[in-house]
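**Q** This is the structure I have questions about; it appears just below.
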Amino acid sequence: MKTLLQMPAVRECAAVACSFNSGGCHAPAVTVAAADGAASCATFVESSVRGGIAEITGSVGACARTDCVHNSNLACTAPSVEIGPGATASDCLTYRAA
Ligand code: SF4
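Structure representation (structure tokens):
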């Protein structure tokens, strides 16, 4: 069985209210959703529990925005992504319509 060593890093995330954000994203794998026309991080969560793994930088595990130039079979092929405010508090700002 193979495992992925390299997924696109979340190089910057401005959604500081998210429990996975501590000077950046620390979620092992975020999912970008396609709800309501936005490319938003569906892993965003506000909780009193600190989320993620402190030693790692977050990465994109899956992306439902099949209309993005970086999307291939629901996976992201961009070198890295930036998350920040847009239609939601946590949009994928690297999204580009094909
Ligand atoms: S850059 Fe495109 S394919 Fe990659 S996570 Fe953002 S919306 Fe999805």
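If you count by this note's numbering, then the sequence shown holds residues 1265 to 1362, one letter each, in order.
Backbone N, C-alpha and C define an ideal beta-carbon position, used for all residues, glycine too.
1. Cβ of Thr1307 versus every heavy atom of the ligand SF4: is any distance shorter than 7 Å?
2. Since Glu1346 is in the beta strand (DSSP E), which residue starts that stretch and which ends it?
3. Using 7 Å as the cut-off, classify the Cβ of Val1274 as near or not near the heavy atoms of the ligand SF4, replying yes or no.
4. What do you reckon, is the C-beta of Asn1285 under 7 Å from a heavy atom of the ligand GTP?
5. Do you know how far the Cα of Ala1362 is from the Cα of Ala1298?
6. Determine the contact status of Val1313 and Val1345, defining contact as a CB-CB distance below 8 Å.
**A** According to the structure shown:
1. Because no heavy atom of the ligand SF4 lies under 7 Å away, the Cβ of Thr1307 does not count as near it: no.
2. 1344 to 1348 is the extent of the beta strand (DSSP E) around Glu1346.
3. No - the ligand SF4 has no heavy atom lying nearer than 7 Å to the Cβ of Val1274.
4. You won't find the ligand GTP in this model; what it holds is the ligand SF4.
5. Distance between the alpha carbons of Ala1298 and Ala1362 is about 15 Å.
6. Contact flag unset, no.
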